[in-house]
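In our numbering, each residue's number is its place in the sequence shown (first place is 1) plus 103.
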Amino acid sequence: GAYLADGSEYRGNYGLTSKELAEFHRTRLEVLTDTAVDLLAFETFPSAQEALAIADLLADRFSDHEAWISFSCRDDSTLWDGTPIAEIAGKLRDHPVITAIGVNCVHPDHTSGLVARLREAAPNQAVIVYPNAGRGWDAEAGHWSGADSPAEFADRAQSWIDAGARIVGGCCLASPDHIAALRERFKPA
């Protein structure tokens, strides 16, 4: 999420060591895991370093909880920090606590390729996707340019499922109408 509020949280430019990242998350995890939490969801990770710090922390200190990690990516194969998604997925594929990996806050055009790479690199992990409904963020103007209608978003989701996604949702610009369109499109007959 938007913790730093200067945009660097979306690029992974934290200027922190893996140990410092783990400590940042450890204090929050202690609060969360002191409740009846069912699943820990780590999302919008632009950095392999942060994901690996979390993975180690989960295995060492919070192994009695299941978790998923979802990444933000610059294209259909690469995290914002430059790490290939297949590389980080391969490192997480047999993790004892992380039961699903995926992408969120990504351009919808990149989603099918990302899902395919995740499935190939980590075939035993559930793949989750919740891309943006918007086509792109214009940082200079400070607004989204274009967006899929709910029906268009649901149509796109078929390719994500075909590529291997097991959990599908929406991120930025995905409204309740977008989620309703997903439900209508994919509800059991």
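Ideal Cβ placement from N, Cα and C applies to all residues, glycine included.
CA-to-CA distance, Leu217 to Glu126, given in whole angstroms
Translated into positions along the sequence shown, residue 126 becomes position 23. Translated into positions along the sequence shown, residue 217 becomes position 114. Their backbone Cα atoms lie some 29 Å apart in a straight line.
Rounded straight-line distance, which links the Cα of Ala257 to that of His281:
Taking the sequence shown and counting its residues from 1, the one referred to as residue 281 is at position 178. Taking the sequence shown and counting its residues from 1, the one referred to as residue 257 is at position 154. The alpha-carbon atoms of His281 and Ala257 are separated by roughly 7 Å.
Endpoints, beta strand (DSSP E) assigned at Leu276
Here residue 276 corresponds to residue number 173 of the sequence shown, with the count starting at 1. Secondary structure note for Leu276: it is in no beta strand (DSSP E), with a DSSP letter that is neither H nor E.
Do we get a CB-CB distance below 7 Å when we pair Lys194 with the residues of chain D?
In the displayed structure, chain D is absent; only one protein chain is listed.
Cβ of Leu161 within 7 Å of Cβ of Arg129?
For the purposes of this step, residue 161 is taken as the residue at position 58 of the sequence shown. For the purposes of this step, residue 129 is taken as the residue at position 26 of the sequence shown. Arg129 is positioned such that its CB atom lies no closer than 7 Å to that of Leu161.
Pair within 7 Å by beta-carbon distance, Leu140 and Phe174
Mapped onto the sequence shown, residue 140 falls at position 37. Mapped onto the sequence shown, residue 174 falls at position 71. The question names Leu, but residue 140 in the sequence shown is Val. By the CB criterion at 7 Å, Val140 and Phe174 fall outside the cutoff.
Proximity winner among Leu155, Lys290, Arg196, relative to Ala229 (alpha-carbon distances):
Position 126 of the sequence shown, counting from 1, holds the residue named residue 229. When each option's Cα is compared against that of Ala229, the closest is Arg196.
I'd like the list of long-range same chain contacts for Ala158, defined as Cβ closer than 7 Å, with 5 residues on each side in sequence excluded.
In the sequence shown, residue 158 corresponds to position 55, counting from 1. For Ala158, the CB contacts under 7 Å within the same chain, skipping 5 residues up- and downstream, are Leu195, His198, Ile201 in chain order.
Based on Cα-Cα distance, which residue from Asn235, Trp247, Ala189 lies nearest to Thr147?
Counted from its first residue, the sequence shown places residue 147 at position 44. In terms of CA proximity to Thr147, Asn235 leads the group Asn235, Trp247, Ala189.
DSSP three-state call for Leu132: helix, strand or coil?
Here residue 132 is taken as the residue at index 29 of the sequence shown, counted from 1. In the three-state reduction of the DSSP assignment, Leu132 falls in the helix class.
Mind pulling the alpha helix (DSSP H) runs of 4 or more residues that sit fully within the region 191-228?
For the region 191-228, whole alpha helix (DSSP H) runs of length 4 or above, ordered along the chain, are 214-224.
Tell me whether His213 is buried or exposed, calling it buried when 16 or more other Cβ atoms sit within 10 Å of its Cβ.
In the sequence shown, counting from the first residue as 1, residue 213 sits at position 110. Classification of His213: buried, given that the 10 Å Cβ count is 16 or more.
Compute the beta-carbon to beta-carbon distance between Arg249 and Cys275, rounded to the nearest angstrom, for a pair I have assumed lies under 8 Å.
As a working mapping, residue 249 is identified with position 146 in the sequence shown. As a working mapping, residue 275 is identified with position 172 in the sequence shown. Contrary to the premise, residue 249 reads as Gly rather than Arg in this sequence. At roughly 12 Å, the Cβ-Cβ gap does not stay under 8 Å, so Gly249 and Cys275 are not in contact.
Helix, strand or coil, according to DSSP, for Leu119 in the structure here?
Locating residue 119 in the sequence shown gives position 16, counting from the first residue. Three-state DSSP puts Leu119 in coil, outside helix and strand.
C-alpha gap between Gly118 and Gly185, whole angstroms
Within the sequence shown, the letter at position 15 stands for residue 118. Within the sequence shown, the letter at position 82 stands for residue 185. Computed Cα separation, rounded: 15 Å.
Under a three-way DSSP split, which group does Ser313 fall into?
Because the chain spans 104 through 292 in this model, residue 313 falls outside it and cannot be assessed.
Give the range of the beta strand (DSSP E) segment to which Glu169 is assigned.
What you label residue 169 is simply residue 66 of the sequence shown in a count that begins at 1. Where Glu169 is concerned, the enclosing beta strand (DSSP E) stretches over 169-174.
In chain order, what are the residue ranges of uninterrupted beta strand (DSSP E) at least 3 long that sit wholly in the region 132-168?
For the region 132-168, whole beta strand (DSSP E) runs of length 3 or above, ordered along the chain, are 142-148.
Continuous alpha helix (DSSP H) stretch holding Pro253: start and end:
Taking the sequence shown and counting its residues from 1, the one referred to as residue 253 is at position 150. Segment 253-266, the alpha helix (DSSP H) holding Pro253.
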